[in-house]
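For what it's worth, the numbering used here labels the leading residue of the sequence shown as 671, then goes sequentially.
In this text, a Cβ means the ideal position worked out from N, Cα and C, and glycines have one as well.
Keep in mind the model is a prediction, meaning the values are calculated, not measured.
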Amino acid sequence: MIVAERTSLEAGLSGLKTLFLERLKSFETHSEFEIGDMQYTQWSATILPHLPVRKISMSELVVITLALVPQIRPHFFDQLIQNVYPNGGSFPHLGGIRGKGHRGFLPSGETALFLLAGENLELRFAVQALFSPDHWFAKKQVIRLAAPEKNEPEMSGQLIIDREFVEKITLGKITRPAFSTEFPAARLTTEQTWADLVLPNSTEQQIQDILTWLKYKETLFDELDMGRKLKPGYRALFHGPPGTGKTLTANLLGKYTQRDVYRVDLSSVVSKYIGETEKNLAHLFNRAENKDWILFFDEADALFGRRTQVQNSHDRYANQEVAYLLQRVETYEGLIVLASNFKSNIDEAFVRRFQSIIHFPMPRMQERLSLWEKAFPEKIALHKDLDLRQLAQKFELTGADIMNVVQYVCLNVLAKKSLLITYEDIVEGIKREFMKSGKLT
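Okay, here's the thing in structure tokens:
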């Protein structure tokens, strides 16, 4: 942590200590105490840049610092209480709990109530509103209250701060999630560039529309104040035969806008057990919320497919899954890309919500020629009788097919201790590719 950030956090801890002592003094003397703007600028210098909002109140800053304290200075409150009560004793007005593994003082909602409002009921109700579902703490998933013990007051729950927010402050970055049941998605990366993607002009233009949204979305929603009129996020459907560039396009959208792309593993999401699919989706979207990630649902038919007529309880629950998914897709603030071989397989309810529906067709002759020309490594030589234009005219292949053929051929010539590829080598590779797809028996 750099010096300026450490100084800012120390200012926050110092401010919190002052607040605690002043509140305790006012409580014991039955006098009024206003928190004012104690060291606000210096206190907020480290925290504010990492928040999803641009301006916060002093009360919000105190709550965030309270929740952050156990992460950066676990013994803070224990030392403070010991200084005030050197002979021991407790102060129930301060709230707080003791953890199981962590034995130090953990601030609760009651801690925030006492420090910010004391015994003033009107102020206490105002502080309590900070933990309502409508406050940005909840909407942006920065701060929440843990569920209290059964039949105990709601504000007795521990103050919980988002783990990734803590990482931003302490490490300067967010640790990327590993694939798990809690996060059923894997990060995609690519060494390829836009030059490697060969698509019709109409498809390229529609992809450019997505890039424009990714570049200007903050300006659109904040500076032009369109957030009040438009739904958050952007939803796109990529449809077309396998191997035509849908996955690579999603990859490149992330690469060139400095966003992580995660391919959702639908086999880990979809469950035959009632309610499990929704729970898996909740884990996924809750983790992705406010991260500006690109979520890529490949072979999306399994999850976004057409709803059936309700004939039994299974159909009813399946349709409930679609309704839940619709809601989460609509409220996600980043880019969601669905990929399917056929547009007609996707439920009409989702189709209506897409800003872009982009067709990735089989490459035409000129596009196949371009793919062939880009496919071979520079150290490999092509026989003088090998006519790539003839290959492009004769064999209808996708970009993925062509790369599979080139890989097969390159391995074969390497095995022969040669760096020269002939027409016969490529035709043999094409035959193998056709056999895989059932076009040749």
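In this structure, how does DSSP classify glycine 975 when only helix, strand and coil are distinguished? For the purposes of this step, residue 975 is taken as residue 305 along the sequence shown, with counting starting at 1. Residue state, collapsed to three classes: strand.
Measure the alpha-carbon distance for aspartate 1017 versus aspartate 968 and round it to whole angstroms. Taking the sequence shown and counting its residues from 1, one reaches residue 1017 at position 347. Taking the sequence shown and counting its residues from 1, one reaches residue 968 at position 298. Cα to Cα, aspartate 1017 sits roughly 15 Å from aspartate 968.
Leucine 918, enclosing alpha helix (DSSP H) - first and last residue: Counting from one through the sequence shown, the residue named residue 918 turns up at place 248. First-last of the alpha helix (DSSP H) with leucine 918: 916-925.
I need the DSSP call for isoleucine 880, collapsed to helix, strand or coil. The sequence position of residue 880 within the sequence shown is 210, counting from 1. If DSSP states are grouped into helix, strand and coil, isoleucine 880 belongs with the helices.
Please state the DSSP three-state secondary structure of glycine 1069. Here residue 1069 is taken as the residue at index 399 of the sequence shown, counted from 1. Helix.
Stretch pair the stretch 872-880 + the stretch 992-1004: three plus CB contacts closer than 8 Å: no
Would you mind working out which of Tyr1002, Pro1047 and Lys1101 sits nearest cysteine 1080, comparing C-alpha positions? What you label residue 1080 is simply residue 410 of the sequence shown in a count that begins at 1. It is Pro1047 whose Cα lies nearest to the Cα of cysteine 1080.
Thinking C-alpha only, which one of Trp806, Ile767 and His763 is nearest leucine 721? Residue 721 sits at position 51 when you count from the first residue of the sequence shown. That would be Trp806, whose Cα lies nearest to the Cα of leucine 721.
What does the Cβ neighbour count give for valine 754, buried or exposed, with the cut at 16 atoms within 10 Å? The residue you call residue 754 lines up with position 84 of the sequence shown. Counting Cβ neighbours within 10 Å, valine 754 comes out exposed, since fewer than 16 surround it.
Can you give me the start and stop residues for the beta strand (DSSP E) that isoleucine 1006 sits inside? Stepping through the sequence shown from its first residue, residue 1006 is reached at position 336. Counting along the chain, the beta strand (DSSP E) containing isoleucine 1006 begins and ends at 1005-1010.
Span of the beta strand (DSSP E), counted from its first residue to its last, around isoleucine 717: On the sequence shown, position 47 is the one that residue 717 refers to. Where isoleucine 717 is concerned, there is no enclosing beta strand (DSSP E), given that its DSSP letter is neither H nor E.
How should histidine 909 be labelled, buried or exposed, when 16 other C-beta atoms within 10 angstroms of its C-beta is the threshold for buried? Along the sequence shown, read from residue 1 onward, the residue named residue 909 stands at position 239. So histidine 909 ends up on the buried side.
So for alanine 1051, helix, strand or coil by DSSP? Start at 1 with the first residue of the sequence shown, and residue 1051 comes out as number 381. If DSSP states are grouped into helix, strand and coil, alanine 1051 belongs with the strands.
Shortest alpha-carbon distance to leucine 881 belongs to which of Pro854, Ala920, Pro911 and Arg846? In the sequence shown, residue 881 corresponds to position 211, counting from 1. Answer by Cα proximity: Ala920.
Own chain, CB closer than 8 Å to asparagine 960, minus 5 neighbours either side, in chain order: Start at 1 with the first residue of the sequence shown, and residue 960 comes out as number 290. The residues are Pro722, Lys810, Gln811 and Glu1003.
Spatial neighbours of phenylalanine 747 in its chain, beta-carbon cut-off 6 Å, leaving aside the 5 residues before and after: Counting from one through the sequence shown, the residue named residue 747 turns up at place 77. Answer for phenylalanine 747: Phe775, listed in chain order.
DSSP has tyrosine 932 in a bridge; who is on the other side? Taking the sequence shown and counting its residues from 1, the one referred to as residue 932 is at position 262. Partner(s): Arg857 and Leu965.
Cβ-Cβ separation, glutamine 1063 to methionine 1032 (assumed contact under 8 Å), whole Å: Here the question's residue 1032 lines up with position 362 in the sequence shown. Here the question's residue 1063 lines up with position 393 in the sequence shown. 14 Å between Cβ atoms; not a contact.
Limits of the unbroken beta strand (DSSP E) element including serine 701: Position 31 of the sequence shown, counting from 1, holds the residue named residue 701. Looking at the DSSP string, serine 701 is not in any beta strand (DSSP E), and its letter there is neither H nor E.
Identify the continuous beta strand (DSSP E) that holds alanine 906 and give its terminal residues. Here residue 906 is taken as the residue at index 236 of the sequence shown, counted from 1. It spans 904-909 - the beta strand (DSSP E) in which alanine 906 sits, taken as one unbroken run.
How many angstroms separate the CA atom of aspartate 935 from the CA atom of leucine 1041? Here the question's residue 935 lines up with position 265 in the sequence shown. Here the question's residue 1041 lines up with position 371 in the sequence shown. Aspartate 935 and leucine 1041: Cα-Cα distance of roughly 29 Å.
Return helix, strand or coil for phenylalanine 1024, following the three-state DSSP convention. Counting from 1 along the sequence shown, the entry for residue 1024 is found at position 354. The answer is coil: DSSP assigns phenylalanine 1024 none of H, G, I, E or B.
Just verifying my parser: in three-state terms, what is the DSSP assignment at leucine 750? What you label residue 750 is simply residue 80 of the sequence shown in a count that begins at 1. Residue state, collapsed to three classes: helix.
According to DSSP, which residues form a beta bridge with histidine 1029? Numbered from its first residue, the sequence shown carries residue 1029 at position 359. Answer is His909.
Distance between beta carbons of serine 938 and proline 847, contact taken as under 8 Å: Indexing the sequence shown from 1 puts residue 847 at position 177. Indexing the sequence shown from 1 puts residue 938 at position 268. With a Cβ gap of about 13 Å, proline 847 and serine 938 do not count as contacting.
Using DSSP with H/G/I as helix, E/B as strand and the rest coil, what is leucine 776? In the sequence shown, counting from the first residue as 1, residue 776 sits at position 106. Three-state result, leucine 776: strand.
According to DSSP, which residues form a beta bridge with arginine 794? Counted from its first residue, the sequence shown places residue 794 at position 124. Note: arginine 794 sits in no beta bridge, so no partner.
By Cβ distance below 7 Å, which residues in the same chain neighbour glutamate 1000 in space, the five residues on each side in sequence not counted? Residue mapping note: residue 1000 aligns to position 330 of the sequence shown, counting from 1. So the qualifying residues of the chain are Lys901 and Arg1023.
Residue interval of the beta strand (DSSP E) (run including leucine 731): Mapped onto the sequence shown, residue 731 falls at position 61. It is not in any beta strand (DSSP E) - leucine 731 instead sits in the alpha helix (DSSP H) that spans 728-742.
The stretch 831-845 touching the stretch 794-804, judged by at least three CB pairs closer than 8 Å: no
What do you get for threonine 716, buried or exposed, if any count of 16 or more other CB atoms within 10 angstroms of its CB means buried? Your numbering for residue 716 matches position 46 in the sequence shown. It counts as buried.
Can the beta-carbon of glycine 1069 be found closer than 7 Å to that of glycine 915? Stepping through the sequence shown from its first residue, residue 1069 is reached at position 399. Stepping through the sequence shown from its first residue, residue 915 is reached at position 245. Going by C-beta atoms, glycine 1069 is nearer than 7 Å to glycine 915.
Assign serine 1014 to buried or exposed, taking buried as 16 or more other Cβ atoms, counted over all protein chains shown, within 10 Å of its Cβ. Position 344 of the sequence shown holds residue 1014. Per the 10 Å Cβ criterion, exposed.
Helix, strand or coil at isoleucine 844 [DSSP, three-state]: Stepping through the sequence shown from its first residue, residue 844 is reached at position 174. Three-state DSSP puts isoleucine 844 in coil, outside helix and strand.
Short Cβ contact (7 Å threshold) for glycine 769 with proline 777: On the sequence shown, position 99 is the one that residue 769 refers to. On the sequence shown, position 107 is the one that residue 777 refers to. No, the pair does not count as a contact, with Cβ atoms beyond the cut-off.
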